[in-house]
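Reading the sequence shown from the start, the letters are residues 8 to 252 in our numbering.
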Amino acid sequence: MPEGLGALKEAVDALDPALRERLAQRWATAALDEHASIASFSRFSLHLQAVGAPPELLVGAHKAALDELEHARLCFTLASVYAGEPLSPAPLDLSGDLLGPLTLPAITAAAVLEGCVGETVAALEAATAAQGAEARAVREALQTIAGDEARHAQLAWRFVQWALAEGDPEVEAAARQAFQHALGADPGPEPAPGPEDAALAAHGKLSEAARYRVRREAAQAVLPPAIRALFKDQTLRLGGRIALA
């Protein structure tokens, strides 16, 4: 259980009921996303096996799935505090084509979008949210998540680096296209600040405006140097923007 949970419960009991409900919903959504990520990394481990990736990458994928299990537990614990009742995940819908294409170009493109970009952004968002969180239980949970997501992003970068080293031009083309797609999406105008932004931030939830700024930083300052280093191409042009999910 997170440290400082008792103090958090006291603070939550004093919240406006409408704000408390919104925070419960936001934390429950985060918990469900983390729960779904367990399956995502399980799928990634199968992708790694399908393309003969090195064993150290497989180890990393399985460790990442366990990290996501802990993230889900932390988020459900916090969501339950805000909701005032125990919350837990429903059965995960696993119908449909779970594995997708099993070619190296397709798997590399997926790793770019979900790992190199998605996990990098997730780490930055969690780290930013931790800075504004006032309660110890919330802050430490977000710090744990931020550190783990950063390692997950590194796992994806290492896989893509390995895939590119295989020397297939289709893999490189798929990776380049995936990065261009991720950093070329139109994010629209920056959302206007809201009246509850500060209150949400105090409880570890970023406003849409704050998330927009984090994604802009990722697209313009964090990701481009890593992408250019990956391809050994300092002239590579990138869109420099990531749409809000």
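All residues carry an ideal CB built from backbone N, CA and C; glycine is no exception.
| Asked | Found |
| --- | --- |
| Go through its chain and collect everything with a Cβ distance to SER95's Cβ below 7 Å, but skip five positions before and after it. | PHE83 |
| Anyone know if the C-beta pair for TYR89 and LEU30 falls short of 7 Å? | yes |
| Candidates SER52, LEU237, GLY174 and ALA157: which alpha carbon is nearest LEU105's? | SER52 |
| Under 8 Å, with one C-beta from each stretch per pair, do the stretch 118-135 and the stretch 155-166 reach the 3-pair mark? | yes |
| Leaving out the 5 sequence neighbours to the left and right, which residues in its chain are closer than 6 Å to ALA38 when beta-carbon positions are compared? | ALA79, CYS82, PHE83 and ALA86 |
| Once you ignore the five residues that flank THR135 on each side, which residues in its own chain have a CB closer than 6 Å to its CB? | VAL221 |
| Taking Cβ to Cβ, would you say ALA144 is nearer than 7 Å to GLY211? | no |
| For GLY125, count neighbouring C-beta atoms within 10 Å of its own C-beta (all shown protein chains included) and say buried if the count is 16 or more, exposed if not. | buried |
| Does the pairing of the stretch 215-229 with the stretch 191-202 give three or more beta-carbon distances under 8 Å? | yes |
| Please return the same chain residues whose Cβ sits closer than 6 Å to the Cβ of PHE166, not counting the five positions on each side in sequence. | LEU64 and ALA118 |
| To the nearest angstrom, how far is it from the Cα of GLY107 to the Cα of GLN56? | 14 Å |
| Mapping the DSSP letters down to three states, classify GLY103 as helix, strand or coil. | coil |
| Can you tell me which of the three DSSP states GLY13 falls into? | helix |
| Using DSSP with H/G/I as helix, E/B as strand and the rest coil, what is GLY59? | coil |
| In the DSSP assignment, the alpha helix (DSSP H) including THR110 goes from what residue to what residue? | Where THR110 is concerned, there is no enclosing alpha helix (DSSP H), given that its DSSP letter is neither H nor E. |
| By DSSP, does GLY191 sit in helix, in strand, or in coil? | strand |
| Helix, strand or coil for ASP175? Go by DSSP, reduced to three states. | coil |
| Distance check for GLU203 and VAL58, CA to CA, integer angstroms please. | 47 Å |
| Report back the beta-carbon spacing between ALA216 and ALA116 to the nearest angstrom; my notes put them in contact at under 8 Å. | The pair is not a contact, with the Cβ atoms about 30 Å apart (cut-off 8 Å). |
| What does the Cβ neighbour count give for GLY103, buried or exposed, with the cut at 16 atoms within 10 Å? | exposed |
| If you draw a straight line from the C-alpha of PRO232 to the C-alpha of ALA35, how long is it? | 34 Å |
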